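J.: Under our numbering, the first residue of the sequence shown carries the number 7, and numbering increases by one thereafter.
Backbone N, C-alpha and C define an ideal beta-carbon position, used for all residues, glycine too.
Note that the coordinates shown come from a computational prediction; the quantities given were computed from them, not determined experimentally.
I am attaching a structure below and will ask some questions about it afterwards.
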Amino acid sequence: INSAKEIQKKTGILLRTIERNLKKLRETGNINHQCNNSQKSKIIQTISQAIEQYVHKNTAILTCQLAAKIQNTCNISISYKSI
Numbered sequence: 007i008n009s010a011k012e013i014q015k016k017t018g019i020l021l022r023t024i025e026r027n028l029k030k031l032r033e034t035g036n037i038n039h040q041c042n043n044s045q046k047s048k049i050i051q052t053i054s055q056a057i058e059q060y061v062h063k064n065t066a067i068l069t070c071q072l073a074a075k076i077q078n079t080c081n082i083s084i085s086y087k088s089i
């Protein structure tokens, strides 16, 4: 395979995507993508352990209920979507 067009024909991946990844590969040596837009996770070790305990006690608990319990016990504002 000598060109981005050949890769595109064989894989069906968009040409622009291939060109972008080849450029990134030439510049950095890999094509790893940055995850989560560099936002740090609100779920830290202590909160993760608290979630595990609540789920272990009640496997039918809803994420909105978990978020409310975490907010009360850990004094942190967290969305049910983050759980």
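My understanding is that Ile67 touches Ile76, with C-beta atoms under 8 Å, so please give their C-beta distance in whole angstroms.
T.: The count along the sequence shown starts at 1 and reaches residue 67 at position 61. The count along the sequence shown starts at 1 and reaches residue 76 at position 70. Actually they do not touch by this definition, with Cβ atoms about 11 Å apart.
J.: Keeping to the same chain, check which residues put their C-beta closer than 7 Å to that of Ala73; ignore five residues upstream and five downstream.
T.: Indexing the sequence shown from 1 puts residue 73 at position 67. Once the five neighbours on either side are set aside, the close Cβ partners of Ala73 are Ile84, Ser85, Tyr86 and Ile89.
J.: Taking Asn81 as the reference, give the member of Lys30, Ile50, Lys29 and Thr34 with the closest Cα.
T.: Locating residue 81 in the sequence shown gives position 75, counting from the first residue. Of Lys30, Ile50, Lys29 and Thr34, the residue nearest in Cα terms is Ile50.
J.: Within the continuous alpha helix (DSSP H) that includes Ile63, where are the two ends?
T.: On the sequence shown, position 57 is the one that residue 63 refers to. It should be noted that the sequence gives Lys, not Ile, for residue 63. Per DSSP, Lys63 belongs to the alpha helix (DSSP H) from Gln51 to Lys63.
J.: With respect to the alpha helix (DSSP H) encompassing Lys87, which residues constitute its N-terminal and C-terminal limits?
T.: As a position in the sequence shown, residue 87 is number 81, starting the count at 1. For Lys87, no alpha helix (DSSP H) run applies, since DSSP gives it neither H nor E.
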